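For the sequence shown, position 184 matches number 184 in UniProt numbering, and the numbering has no gaps at all. Note that the Cβ used here is the ideal one computed from N, Cα and C, for glycine as well. Keep in mind it's a predicted model, so treat the numbers as computed, not measured. What follows is one structure encoded as structure tokens, with my remarks underneath.
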Amino acid sequence: MAKNLTEEKIKYLLFLYDRKTHPLSVTAAAKACGVAKSTFSRTLGAFFEMGYVAEPGKTMLSPDGEKTARALRQEVDQMKEWLQSEIFLQGDLLEAEARRTVCALSTDTRKKLYSRHRLSIFFASLKSVTEIPGDRLCFQLPDGEYEFAFSIYKVWKEEAQLSMADQGFFHPGLLRIQEGKGEVFLKIREVEQDSRVRGMRMRGQVDSLSCLIHGVSRPCGRREDAFVFPIQPLDFFYREEERILQASVEMEFTCSVGPVHMPKSRARMIMIFK
1 MAKNLTEEKI
11 KYLLFLYDRK
21 THPLSVTAAA
31 KACGVAKSTF
41 SRTLGAFFEM
51 GYVAEPGKTM
61 LSPDGEKTAR
71 ALRQEVDQMK
81 EWLQSEIFLQ
91 GDLLEAEARR
101 TVCALSTDTR
111 KKLYSRHRLS
121 IFFASLKSVT
131 EIPGDRLCFQ
141 LPDGEYEFAF
151 SIYKVWKEEA
161 QLSMADQGFF
171 HPGLLRIQEG
181 KGEVFLKIRE
191 VEQDSRVRGM
201 RMRGQVDSLS
211 CLIHGVSRPC
221 GRREDAFVFP
231 IQPLDFFYRE
241 EERILQASVE
251 MEFTCSVGPV
261 HMPKSRARMI
271 MIFK
């Protein structure tokens with residue numbers, strides 16, 4: 001959310017955004033908002049300094065103002081949807097509470113709320129369904145970001161043992177759904193470990209990552225300091241009793257310290273959404 005925006009300023013900015021095609025005079029806008037003209041004029045002055053209105057003393061939003069207001073409208077609408085699942089509010093009371101909550105919570109906290117709420121609705125729709133193809137999941141989940149827990153295990157081990165690759169990424173992972181497509185983002189982190197050669201202490205990071213899908217190795221792209229791969233080819237399994245959605249994928253990875261110190265390895269990543 002944009003800095004220096006109080007609940008009151010958000011209210012006025014959204015008011016201007018909702019009327020962007022038919023801007024009002026300052027007097028008419030102040031009357032519609034139920035405040036004195038001087039109060040609304042001061043707010044417009046602040047908006048002009050922030051670059052949100054095109055001209056001083058006018059109610060026409062600038063392109064940056066429209067962009068900010070559009071993002072806030074989406075935020076407030078998402079918060080209203082979540083609030084309605086928690087408490088009974090309607091109309092102006094719901095709108096005002098949503099604005100206050102958006103101001104009170106951090107961006108990360110709000111994202112987690114929205115993600116859990118969307119997953120909860122999705123889980124409720126599954127009922128007795130147990131297996132969900134990745135492409136179907138992309139179309140059924142609303143657009144947005146979904147955090148998930150994950151663990152990366154060594155393969156060919158009778159007992160589950162974490163692979164060193166598990167330390168090579170920040171936890172949790174992120175699934176981003178947009179327009180029927182889903183991508184997993186694993187953010188890369190530096191790891192310090194003893195080398196297999198003379199026990200030297202070395203620092204490195206995962207240098208390449210490939211997913212093995214139906215026996216075919218598919219290299220992962222790199223974007224935003226993360227490895228990225230699509231979820232459409234994966235199969236997800238839903239456990240109704242625990243309300244857990246799970247998938248796994250086999251991976252091959254190399255490390256930046258080189259094959260002498262860290263040979264190419266294979267591991268299996270388990271992803272859990274709940």
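For residue i, three-class secondary structure by DSSP
i           : result
Arg73       : helix
Glu8        : helix
His261      : Bear in mind that a pLDDT of 49 at His261, under 50, signals an unreliable position, so the model cannot answer this.
Lys274      : coil
Gly34       : coil
Asp64       : helix
Thr130      : coil
Asp143      : coil
Arg243      : coil
residue 278 : Because the chain is modelled from 1 through 274, residue 278 falls outside the range shown and cannot be assessed.
Asp235      : strand
Val191      : strand
Ile152      : strand
Thr254      : strand
Gln78       : helix
C-alpha distance - residue i paired with residue j, whole-angstrom precision
i      : j      : result
Phe185 : Leu137 : 16 angstroms
Ile244 : Phe273 : 6 angstroms
Phe122 : Pro142 : 9 angstroms
Gly144 : Glu75  : 12 angstroms
Val260 : Lys80  : Reliability of the predicted coordinates at Val260 is poor, the pLDDT of 44 falling under 50, and no value is obtained from them.
Asp235 : Thr39  : 56 angstroms
Trp156 : Ala267 : 9 angstroms
Thr21  : Thr101 : 28 angstroms
Pro133 : Glu183 : 14 angstroms
Ala160 : Pro230 : 26 angstroms
Thr254 : Pro219 : 12 angstroms
Contacting residues, own chain, Cβ-Cβ under 6 angstroms from residue i (five flanking each side not counted)
i      : result
Thr59  : Leu16, Pro23, Leu24 and Ala29
Phe150 : Gly173, Met269 and Met271
Leu13  : Ala69
Extent of the continuous beta strand (DSSP E) run through residue i
i      : result
Ser208 : Val206 to Ile213
Lys187 : Lys181 to Lys187
Ser217 : Val216 to Pro219
N- and C-terminal bounds of the alpha helix (DSSP H) containing residue i
i      : result
Leu93  : Gly91 to Ala104
Gln140 : Gly134 to Gln140
Local Cβ density within 10 Å of residue i, reported as buried at 16 or more and exposed below that
i      : result
Glu86  : exposed
His214 : exposed
Ser210 : buried
Gln78  : buried
Arg118 : buried
Thr130 : exposed
Same chain, Cβ closer than 8 angstroms to residue i, five either side skipped, listed in chain order
i      : result
Ser125 : Gln140
Gly51  : Ser62, Asp64 and Gly65
Leu94  : Lys80, Leu83 and Gln84
Arg189 : Gln167, Gly168, Phe169, Phe170 and Gln205
Ala36  : Ala30
Same chain, Cβ closer than 7 angstroms to residue i, five either side skipped, listed in chain order
i     : result
Glu97 : Leu83 and Leu89
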